[in-house]
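Numbers 2 to 294, taken from my numbering, label the letters of the sequence shown in order. Note that beta-carbon positions come from the ideal geometry of N, C-alpha and C, so glycine has one too. Just so it is clear, the structure is predicted and the values come from calculations on it, not from any experiment.
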Amino acid sequence: MDNTNGSLLNFKGYNLLKSFVDIEKLEKMEDFEIRDDDVFIVTYPKSGTIWAQQILSSIYFEGHRNSTENTRTVERAPFFEYNKCKLDYVKMPSPRIFSSHLPYYLVPKGLKSKKAKIVYLYRNPKDVLISFFHFSKFTRIIEATYTIEHYLDNFLDGKVHGSRWFDHIRGWYEHRHDFNIMFLSYEEMKKDLRSSVLKICSFLEKDLSEEDVITVVRQATFQTMKSDPRANYEQIINYKFGVNKKEGTFMRKGTIGDWKLHLTVEQNERFDMIFKKNMKNFPLKFIWDINED
Ligand code: PPS
């Protein structure tokens, strides 16, 4: 079966969203000038990017934390490779927070000077797959796919936005010594949001008061975010993403282990086999089930 996906653009071996990119800007990405106090949130798609954007935005910006300003979270921590909000990244005041799904080899070279920081958020790939599958029905920016089987084939072959999940996480992890990077999992955040926020603050060298930490945590719960217009793509989603509202909301379910409700035994075994083969000797721990430690 030819699974070539028409909504993707392959740039130097990596799949980006064709309708969101400017090829001239892509060519210049690696030379983008990095400041020492820049922070990048790096994720494979559907790993909780908006969650990290919300947390970092409320850590850094008092107006966001205290809800006294209305700036959307995606504008506070815009996507580096997809400048859909048309911001001037060069003139943006410090501290700049960027979000990115890029692989390690496409990010600006200046990130290797090790001053600017990177928060790499990862999620167990079965839940990523399911979140992706639903997202593909929700938005028209990626090709709709109506069976898990079809999406599973594409995901495992890397014929999706973000290319192969295995390559993304392995690439970043194996090159971690080149960057000033912390790794954090979606599941850790889900199980203990407060400790995760404190870990992030410590990495970012942000010393928040107890009251501010409580506010950041409150702003970042699934329930708060689902009803926070700043954390949803609602305003831009309709005209830029071409949304199919029947298929739900961007903040969909936010759980661990949703894959169990979707994958058949055979599909799960196939996934496990490929995971084992690709993630041999990989030290980061993955949590597949809400009841797991
Ligand atoms: S994207 O399109 O790649 O930027 O998507 P991304 O933001 O990376 O991931 C979306 C998934 O993250 C979930 N999410 C959360 N889960 C728990 N708690 C909080 N606060 C939270 N915020 C976002 C979101 O619901 C999507 O996952 P699914 O499984 O589809 O619900």
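Exercise. Buried or exposed: Q220, going by 16 or more other Cβ atoms within 10 Å of its Cβ?
Worked result: Locating residue 220 in the sequence shown gives position 219, counting from the first residue. With 16 or more Cβ atoms within 10 Å of its Cβ, Q220 is classed as buried.
Exercise. What beta strand (DSSP E) runs, 3 residues minimum, are completely inside the region 107-142?
Worked result: 118-123
Exercise. Are the CB atoms of D158 and W260 nearer to each other than 7 angstroms?
Worked result: Position 157 of the sequence shown, counted from the first residue, corresponds to residue 158. Position 259 of the sequence shown, counted from the first residue, corresponds to residue 260. No, the pair does not count as a contact, with Cβ atoms beyond the cut-off.
Exercise. How many Å lie between F272 and K254 at the Cα?
Worked result: Start at 1 with the first residue of the sequence shown, and residue 272 comes out as number 271. Start at 1 with the first residue of the sequence shown, and residue 254 comes out as number 253. Their Cα atoms are separated by approximately 22 angstroms.
Exercise. Quick one: is the Cβ of K192 within less than 6 angstroms of any heavy atom of the ligand PPS?
Worked result: In the sequence shown, the residue the question calls residue 192 occupies position 191. For the ligand PPS, not one heavy atom lies less than 6 angstroms from the Cβ of K192.
Exercise. When the Cβ atoms of the region 67-84 are set against those of the region 116-128, are three or more pairs found closer than 8 angstroms?
Worked result: no
Exercise. Roughly how many angstroms separate the alpha carbons of K47 and R36, rounded to a whole number?
Worked result: Here residue 47 refers to the residue found at position 46 when the sequence shown is read from its first residue. Here residue 36 refers to the residue found at position 35 when the sequence shown is read from its first residue. Taking the straight line from one Cα to the other gives about 27 angstroms.
For this session: Closer than 8 angstroms by C-beta to K29: which residues in its own chain qualify, once you throw out the five before and the five after it? Chain order, please.
Result: Here residue 29 is taken as the residue at index 28 of the sequence shown, counted from 1. Excluding sequence neighbours, K29 sits near nothing in its chain.
For this session: With DSSP as the reference, label V161 as helix, strand or coil.
Result: Within the sequence shown, numbered from 1, the residue matching residue 161 stands at position 160. The answer is coil: DSSP assigns V161 none of H, G, I, E or B.
Exercise. Looking at C-beta atoms only, is the number of pairs between the region 45-59 and the region 189-201 that lie closer than 8 angstroms three or more?
Worked result: yes
For this session: Consult DSSP for Y234 and reduce its assignment to one of helix, strand or coil.
Result: Against the sequence shown, residue 234 aligns to sequence position 233. Coil, per DSSP.
Exercise. What is the DSSP secondary structure of I149, counted as helix, strand or coil?
Worked result: Reading the sequence shown from its first residue, position 148 is the one you call residue 149. Correct three-state label for I149: helix.
Problem set entry | Check: W289 C-beta below 6 angstroms from any heavy atom of the ligand PPS | Residue 289 sits at position 288 when you count from the first residue of the sequence shown. Not so, every heavy atom of the ligand PPS lies at least 6 angstroms from the Cβ.
Problem set entry | Residue nearest to T256 in terms of C-alpha spacing, selected from E188, R165, H102, Y123 | Mapped onto the sequence shown, residue 256 falls at position 255. That would be E188, whose Cα lies nearest to the Cα of T256.
Problem set entry | Extent of the continuous beta strand (DSSP E) to which N11 belongs | For this step, residue 11 is matched to residue 10 along the sequence shown. Looking at the DSSP string, the run of the beta strand (DSSP E) that includes N11 is 9-12.
Problem set entry | Whole-angstrom distance between I275 and K87, CA atom to CA atom | On the sequence shown, position 86 is the one that residue 87 refers to. On the sequence shown, position 274 is the one that residue 275 refers to. Approximately 39 angstroms between the Cα atoms of the pair.
For this session: With distances taken Cα to Cα, identify the nearest neighbour of L205 among T216, L27, W173, Y61.
Result: As a working mapping, residue 205 is identified with position 204 in the sequence shown. L205 has its Cα closest to that of Y61, out of T216, L27, W173, Y61.
Exercise. How about T50 and S100: are their beta carbons less than 7 angstroms apart?
Worked result: For the purposes of this step, residue 50 is taken as residue 49 along the sequence shown, with counting starting at 1. For the purposes of this step, residue 100 is taken as residue 99 along the sequence shown, with counting starting at 1. Yes, Cβ-Cβ distance for T50 and S100 is below 7 angstroms.
Exercise. How is T216 classed by DSSP in three states: helix, strand or coil?
Worked result: Residue mapping note: residue 216 aligns to position 215 of the sequence shown, counting from 1. Three-state DSSP puts T216 in a helix.
For this session: Identify the continuous beta strand (DSSP E) that holds F99 and give its terminal residues.
Result: For this step, residue 99 is matched to residue 98 along the sequence shown. Taken as a continuous stretch (DSSP letters only), the beta strand (DSSP E) holding F99 covers 98-101.
Problem set entry | CB of E31 within 7 angstroms of CB of P109, strictly | As a first step, residue 31 is located in the sequence shown; it is residue number 30 there, counting from the start. As a first step, residue 109 is located in the sequence shown; it is residue number 108 there, counting from the start. Cβ distance < 7 angstroms, so E31 and P109 count as in contact.
Problem set entry | Nearest-angstrom Cα separation, counted from N84 out to Y240 | If you number the sequence shown from 1, residue 240 lands on position 239. If you number the sequence shown from 1, residue 84 lands on position 83. Unreliable positioning characterises Y240 in this predicted model, as indicated by a pLDDT of 47, which lies under 50. The coordinate reading is nonetheless provided below. For Y240 and N84, the distance between alpha carbons rounds to 15 angstroms.
Exercise. Helix or strand or just coil, what does DSSP make of N16?
Worked result: In the sequence shown, the residue the question calls residue 16 occupies position 15. In this structure, N16 counts as strand in the three-state DSSP scheme.
Problem set entry | Buried/exposed call for P230, threshold 16 Cβ in 10 Å | Numbered from its first residue, the sequence shown carries residue 230 at position 229. Its Cβ having fewer than 16 others within 10 Å, P230 is exposed.
Problem set entry | Candidates L112, G163, P126: closest to K13 by CA position | Within the sequence shown, residue 13 is the residue found at index 12, counting from 1. Comparing Cα positions, the closest option is G163.
For this session: Can you say whether H102 is buried or exposed, counting buried as having 16 or more other CB atoms within 10 angstroms of its CB?
Result: Here residue 102 refers to the residue found at position 101 when the sequence shown is read from its first residue. With 16 or more other Cβ atoms within 10 Å, it is buried.
Problem set entry | For R80, the three-state DSSP class (helix, strand or coil) | Taking the first residue of the sequence shown as 1, we reach residue 80 at position 79. Rather than Arg, the amino acid found at residue 80 in this sequence is Phe. Three-state result, F80: strand.
For this session: Would you identify the three-state DSSP class for L209, choosing helix, strand or coil?
Result: For the purposes of this step, residue 209 is taken as residue 208 along the sequence shown, with counting starting at 1. Reduced to three states, the DSSP call for L209 is coil.
Exercise. Can you name the start and end residues of the alpha helix (DSSP H) that L27 belongs to?
Worked result: Numbered from 1 along the sequence shown, position 26 holds the residue referred to as residue 27. Per DSSP, L27 belongs to the alpha helix (DSSP H) from 24-29.
For this session: Determine the extent of the beta strand (DSSP E) in which T44 is found, giving its start and end residues.
Result: Mapped onto the sequence shown, residue 44 falls at position 43. Looking at the DSSP string, the run of the beta strand (DSSP E) that includes T44 is 40-44.
For this session: State the DSSP-derived secondary structure class of I60, mapped to helix, strand or coil.
Result: Residue 60 sits at position 59 when you count from the first residue of the sequence shown. Residue state, collapsed to three classes: helix.
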